[in-house]
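Chains A and W supply the protein sequences, listed in that same order. Residue 69 in our numbering is what sits at position 69 of the first sequence, and the numbering runs on without skipping anything. Residue 1170 in our numbering is what sits at position 170 of the second sequence, and the numbering runs on without skipping anything. C-beta: ideal position from N, C-alpha, C; glycine also. Nothing here was measured: the structure is a model prediction, and the numbers come from that model. The block underneath contains the structure these notes are about, expressed in structure tokens.
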Amino acid sequence: MKRISNFLLPAAGILLVGLVWLLASAVISKDLPSPWKTWQESKIYILQPFEKRGEMDQGIGLLALYSLYRVAKGFLLGIAIATPLGFLLGASQTLRRMLDPVIQVLRPISPLAWLPLGLVMFRQSEPAALFTIALCSMWPTVINTTAGVRSIPQDYWNVAKVLRLSPFKTFTRVLAPAALPHIFTGYRLSLGIAWLVIVASEMLTGTPGVGGFLWQEYNSLVYAHILLCILTIGIVGFMLDRLMGAVEARLRSI
Amino acid sequence: MAFIEIQNIAKSFRSDKGVRHVLENVNLSVEEGELVSVVGYTGSGKSTFISIVAGLLESDSGQVQFRGARSSGFPSRASIVFQSYSLLPWFSAMENVRLAVDANFPSWPRERQREQAARYLEMVGLGNAFDKRPSQLSGGMRQRVAIARAFAIEPEILFLDEPFGALDALTRANLQQELAKLCSAGGRQVTMIMITNSVQEAILLSDRIVPMTRGPKATLGPSISVPLERPRTASQLLHDEKAVHIQSRVIEFLTGFTHGAGPARNQKPPAGALPQVKNAEAEA
Chain A
1 MKRISNFLLP AAGILLVGLV WLLASAVISK DLPSPWKTWQ ESKIYILQPF EKRGEMDQGI
61 GLLALYSLYR VAKGFLLGIA IATPLGFLLG ASQTLRRMLD PVIQVLRPIS PLAWLPLGLV
121 MFRQSEPAAL FTIALCSMWP TVINTTAGVR SIPQDYWNVA KVLRLSPFKT FTRVLAPAAL
181 PHIFTGYRLS LGIAWLVIVA SEMLTGTPGV GGFLWQEYNS LVYAHILLCI LTIGIVGFML
241 DRLMGAVEAR LRSI
Chain W
1001 MAFIEIQNIA KSFRSDKGVR HVLENVNLSV EEGELVSVVG YTGSGKSTFI SIVAGLLESD
1061 SGQVQFRGAR SSGFPSRASI VFQSYSLLPW FSAMENVRLA VDANFPSWPR ERQREQAARY
1121 LEMVGLGNAF DKRPSQLSGG MRQRVAIARA FAIEPEILFL DEPFGALDAL TRANLQQELA
1181 KLCSAGGRQV TMIMITNSVQ EAILLSDRIV PMTRGPKATL GPSISVPLER PRTASQLLHD
1241 EKAVHIQSRV IEFLTGFTHG AGPARNQKPP AGALPQVKNA EAEA
């Protein structure tokens, strides 16, 4: 019974959204392709996901991979800066008081605002995209790592002290493992944001990827492909979150 | 001069609610190889005391000397066993002990460090739990790991902060015996300061008992020596005339303050008089 509802209820939910979509395409806007029309026009991209026909005219799997690759680079750059910064902020109250206002001001800035600045600075779309992804996605990692380091129980600091651990060992054997679950929560949130940002940055820079394809097809009036991209973005984002969630749960169970 | 000299320690904590004077005018001398127990009520400032002596907490005034040298920070060749075990949950029992061995004997090859850790884990009866994480061990076993870790660095000084406080009575009795064995086993002289709220435990293990008055402004009372033969057993302490006498002296001193009646002979009452409500709490 439980297994049935585990499967049936989400299926019913998807069906319901499909109906709303159908209704919207029939009643509200004639330009919105129906689910069936979307499938008809998109199936070549889905059924041959890794086919390369042109610069933008590629299978959806290939496009998603380009986007994922770009996200991975931006995300890694972001956390490579954010993690040490979080540790420093967690350990030093002075630094925390100095930088907290800056972080709170930088954090809510939209990728659409950073991207032009990146283009001005780097004069190329790829580094500008990475700059934007890294800058937008790093904050949850900074904040969670800071919180993680601050929440390390006094007990563990005492252990490091009484065992007379070197600063290096104190970090690798005590502080890092103690803060790791928090840090991974930060990574998970950061990755979610990085994936959100990719679309905006690809749209503005016109680079091949799911977001770039979406924008090109909008300009060429193939609206079904917009829906294809939207669904792809959602599904890939969901899978990324699940993946990070699984890693996080494993870390927490230790 | 004694091996450990604790002079004029005072400590108060400031918070939004005001200033809390925990310790005042605390003095204690401990000879080399001696095991001194500080016995007092929960919340009287015993843990604050041992934290200061161990250098984990700064005192407001006074000083602690080891072998005549003023100490700051955690002393070398010393170990501490906490009530809360304080094991690192992401490491196995073996790794927890080896981390301490590695930090204290960094020049030893890995294999020797491992052997040292294994030897002490076997001594506390954990020969078959090397690879268990603390979460897979019972409270008693966790504290065994912590004791193995403390002894594995072959300390000259050992601080015990209510080491068995979190354990049930039976486990507690077992571990007390284990500790007594470890102390006499090594052939080395380990100087120990133990914090406990159990008078029996203090009599069972120590050479000398120092009662701590109730806070605020807690201080140490007169030393009561425990001239009993070793090994001692818990049941022997119930009947042995000397043991019973020591026990009643300690309890008399401690209750002398809490009943609000006259303090024990030759003792001034602590400067901050105790509010009646708090006393009732302590008795419960």
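Which of the three DSSP states is assigned to residue i in this structure?
i         : result
A/Ile109  : coil
W/Phe1159 : strand
W/Thr1196 : strand
W/Phe1066 : strand
W/Leu1205 : helix
W/Gln1247 : helix
A/Leu227  : helix
W/Gly1043 : coil
W/Pro1211 : strand
W/Phe1013 : strand
W/Glu1024 : strand
A/Lys52   : strand
A/Ala91   : helix
A/Gly212  : helix
A/Ala82   : helix
Using a Cβ cut-off of 9 Å, pull out every chain A residue sitting near residue i, in sequence order please.
i         : result
W/Ser1059 : Near W/Ser1059 there are no residues of chain A at all, since even the closest Cβ is about 16 Å away, more than 9 Å.
Find the residues of chain A that neighbour residue i, judging by a C-beta separation of less than 8 Å, and give them in chain order.
i         : result
W/Ala1103 : Leu163, Arg164, Leu165, Ser166 and Lys169
W/Phe1074 : Lys161, Val162 and Arg164
W/Ser1079 : Val162
W/Leu1056 : Asn158, Lys161 and Val162
When burial is assigned at 16 or more other CB atoms within 10 Å of the CB, is residue i buried or exposed?
i         : result
A/Ala194  : buried
A/Tyr45   : buried
A/Asn158  : buried
W/Thr1233 : exposed
W/Tyr957  : Here chain W covers residues 1001 to 1284 and nothing more, so residue 957 of chain W does not appear.
A/Ala129  : buried
A/Phe7    : exposed
W/His1245 : exposed
A/Trp139  : buried
W/Thr1049 : In the sequence as displayed, the identity of residue 1049 of chain W is Phe instead of Thr. Buried, because 16 or more other Cβ atoms sit within 10 Å of the Cβ of W/Phe1049.
A/Val236  : buried
A/Phe75   : buried
W/Lys1046 : buried
Can you list the residues of chain A that residue i reaches, using a CB-CB cut of under 7 Å?
i         : result
W/Leu1137 : Residues of chain A passing the Cβ test: none, with the nearest at roughly 15 Å.
Strictly below 8 Å CB to CB, what residues from chain W border residue i?
i        : result
A/Pro10  : Those do not exist, as A/Pro10 stays about 34 Å from chain W at its closest Cβ, beyond 8 Å.
A/Arg173 : Leu1088, Phe1091 and Leu1099
Find the residues of chain W that neighbour residue i, judging by a C-beta separation of less than 9 Å, and give them in chain order.
i        : result
A/Pro177 : Leu1088, Pro1089, Trp1090 and Phe1091
Examine the ligand ZN and report whether any of its heavy atoms sits within less than 7 Å of the Cβ of residue i.
i       : result
A/Leu47 : The ligand ZN is absent from the structure shown, which contains no ligand whatsoever.
For the segment 146–164 of chain A, list every residue whose C-beta sits within 8 Å of some C-beta in chain W, in sequence order. Taking 8 Å as the Cβ-Cβ cut-off, the segment 146–164 of chain A approaches chain W at Asp155, Tyr156, Asn158, Val159, Lys161, Val162, Leu163 and Arg164, given in chain order.
Would you list, in chain order, the members of the segment 1081–1093 of chain W that have their beta-carbon closer than 9 Å to a beta-carbon of chain A? Those would be Phe1082, Ser1084, Tyr1085, Ser1086, Leu1087, Leu1088, Pro1089, Trp1090 and Phe1091, in chain order.
Cβ contact (3+ pairs, closer than 8 Å) linking the segment 1126–1139 of chain W and the segment 1083–1096 of chain W: Touching, per the Cβ criterion.
Pull out every residue of the segment 181–210 of chain A whose Cβ sits closer than 7 Å to any Cβ of chain W, in chain order. Answer set for the segment 181–210 of chain A: empty.
Tell me, please, whether the segment 1008–1018 of chain W touches the segment 1170–1189 of chain W by the rule of three or more beta-carbon pairs shorter than 8 Å. Counting Cβ pairs under 8 Å, fewer than three are found: no touch.
For the segment 116–144 of chain A, which residues have a CB atom closer than 9 Å to at least one CB atom of chain W, in sequence order? None of the residues of the segment 116–144 of chain A has a beta carbon lying less than 9 Å from any beta carbon of chain W.
State whether the segment 1037–1049 of chain W contacts the segment 1063–1076 of chain W, with contact taken as three or more CB pairs (one from each stretch) at a distance under 8 Å. Segment contact: the segment 1037–1049 of chain W against the segment 1063–1076 of chain W, fewer than three CB-CB distances shorter than 8 Å; contact not assigned.
The segment 204–211 of chain A contacting the segment 222–234 of chain A, beta-carbon criterion three pairs below 8 Å: Between the segment 204–211 of chain A and the segment 222–234 of chain A, the count of C-beta pairs closer than 8 Å reaches three or more; the two stretches touch.
Chain W contacts made by the segment 97–114 of chain A, where a contact means CB separation under 7 Å: Here the close residues number zero.
Decide yes or no for the touch test of the segment 69–82 of chain A against the segment 161–176 of chain A: beta carbon pairs closer than 8 Å, at least 3 of them. With a cut-off of 8 Å on Cβ pairs, the segment 69–82 of chain A is not in contact with the segment 161–176 of chain A, counting fewer than three such pairs.
Would you check if there are 3 or more beta carbon pairs closer than 8 Å linking the segment 179–192 of chain A to the segment 246–254 of chain A? The segment 179–192 of chain A vs the segment 246–254 of chain A: in contact.
Between the segment 1138–1156 of chain W and the segment 1052–1065 of chain W, can you find at least three pairs of beta-carbon atoms closer than 8 Å? Touching, no, given that fewer than three Cβ pairs across the two stretches are closer than 8 Å.
Across the segment 30–37 of chain A and the segment 161–171 of chain A, are there enough close Cβ pairs to call them in contact, namely three or more that are closer than 8 Å? Too few Cβ pairs lie closer than 8 Å, so no.
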